[in-house]
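Residues 2 to 325 (this note's numbering) are what the sequence shown spells out, left to right.
Think of the CB as a built atom: it goes at the ideal place given N, C-alpha and C, for glycine as much as any other residue.
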Amino acid sequence: MQISAFLCNDSVFLLCLQVRIVPVHFRSLQEFTKIELVCLIERAIELKKKKIKGIIHQPLAGKTIGLFFEEPSPETRISFESAIYGLGGQVIFLSPLDISLTGSDSLKNMSRVMCRYVDGMVVRTFRQDIVDELVVHSSVPVINAQTGIHHPCQILGDMMTVTERKGSIENLHVSWIGDGNNMANSWIQAAARIDFSLTLACPEGYDPDAEILAVSRSEAARKITLVRDPEEAVCSADVIIVNVSPFMDREKVNNERSASFLPYRLNSALLDKAQTDCIVLHCLPAYRDVEITDKVFESNQCAAFDQVENSTHIHRAVLESFII
């Protein structure tokens, strides 16, 4: 993934931002070109190197970012706050107890009010239309930290992890096993922009968004395939992402859902169908021995904790790109 390596240089990168190499807001991966996505990934890798070397890089000094989380996520909050503070910015965090993200009029007013206080908004919510509505009325960048339809930052971080381990994600065979959820949707959109093949194995009734799949297939240079058999999906795979998440109902265990996803658990026998140097991704938290066996999770092939670390570097790259 070297097509934009020159953009890692600070002065060149900032010049590209001034001519808007990226959109004003960050809603989904579909809004980006291949070079823009690669640019963000390589920029995150460069920022990670700076941090390891102890180089202070604070382009957000004097900036305030609002984190508005309708859905709680300690990991996402910590990752974004770490990224913002590391870039020299300040954070205002608002939970559902502090702010309402429901109702068109309240969203309209909230967006216009918050623009007077903050230099950017990071939003994690269940509904994509909330992010879209905020964008319509916002004069500052809106960054999608997750909705029920899209999870763009997570997939950028995952692709960064693959790039570090494999040198590039281009020309690889990526396999998704589990629920056709927001992350599956964003992986599909990523495959439409960057040249890798994607095979998704989802049980019937848990397919990814049909419109996203159709549009992405029409735009992709390589195949995006949906199958039912996880063995077919992982055959000769270079990367396997597993996300069964059988307990999406929080405290309530859905027995029918659990039964549907049981064959999609990633174990050693299934992993053996992939390439011998295949890497395994999981966004965490992982339900061990339900989604993925403990043996596979603790193996050297599993890069889950690299993903955790890389999320904050991707967040830094996104924040730097959109806020300054």
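Which residue comes first and which comes last in the alpha helix (DSSP H) that contains residue i?
| i | result |
| --- | --- |
| His138 | Gln129 to His138 |
| Ser312 | Ala305 to Ile324 |
| Ile56 | Here Ile56 belongs to no alpha helix (DSSP H), and DSSP marks it neither H nor E. |
| Leu227 | Premise fails: Leu227 lies in the beta strand (DSSP E), Ile225 to Val228, not in any alpha helix (DSSP H). |
| Ser83 | Pro75 to Gly87 |
| Ile156 | Pro153 to Lys167 |
| Glu232 | Pro231 to Val235 |
| Phe298 | Asp295 to Phe298 |
| Ile213 | Ala211 to Glu220 |
In the DSSP assignment, find the unbroken beta strand (DSSP E) run with residue i in it and report its ends.
| i | result |
| --- | --- |
| Val281 | Ile280 to Leu282 |
| Gly179 | His174 to Gly179 |
| Ile144 | Val143 to Gln147 |
| Val243 | Val240 to Asn244 |
Since I believe residue j is in contact with residue i (beta carbons under 8 Å), could you give me their beta-carbon distance rounded to a whole number of angstroms?
| i | j | result |
| --- | --- | --- |
| Ala275 | Ala238 | 4 Å |
| Ile242 | Asp159 | 7 Å |
| Ile100 | Ile85 | Not really, about 18 Å apart at Cβ, beyond 8 Å. |
| Ile280 | Val240 | 6 Å |
| Thr162 | Leu282 | 7 Å |
| Pro153 | Leu30 | 5 Å |
| Ser198 | Lys224 | 5 Å |
| Asn244 | Asn182 | 7 Å |
When DSSP builds the beta bridges, which residues end up paired with residue i?
| i | result |
| --- | --- |
| Ile195 | Ile195 is not bridged to any residue. |
| Phe70 | Arg125 |
| Phe27 | Ile144 |
| Ile46 | Paired residue(s): none; Ile46 is not in a bridge. |
| Gln91 | Thr65 |
| Leu201 | Trp177 and Leu227 |
| Arg289 | Ile293 |
| Leu267 | Ile293 |
Would you say residue i touches the ligand MN, meaning its beta carbon is less than 6 Å from a heavy atom?
| i | result |
| --- | --- |
| Arg117 | As presented, the structure is devoid of all ligands, the ligand MN included, so that no description of it is given. |
> Hey, which unbroken runs of the alpha helix (DSSP H) at 4 residues or more fall wholly within the segment 93–124?
Replying inline: Qualifying alpha helix (DSSP H) stretches, in chain order: 105–115.
>> Does the structure place the segment 291–308 close enough to the segment 128–143 that three or more beta carbon pairs sit under 8 Å?
In response: Counting Cβ pairs under 8 Å, fewer than three are found: no touch.
>> So, does the segment 41–58 touch the segment 171–179, judging by three or more C-beta pairs under 8 Å?
In response: Output reads no: the segment 171–179 does not touch the segment 41–58.
>> Does the contact criterion of 3 or more C-beta pairs under 8 Å hold for the segment 143–153 versus the segment 74–83?
In response: In short, these stretches touch, since the Cβ pair count reaches three.
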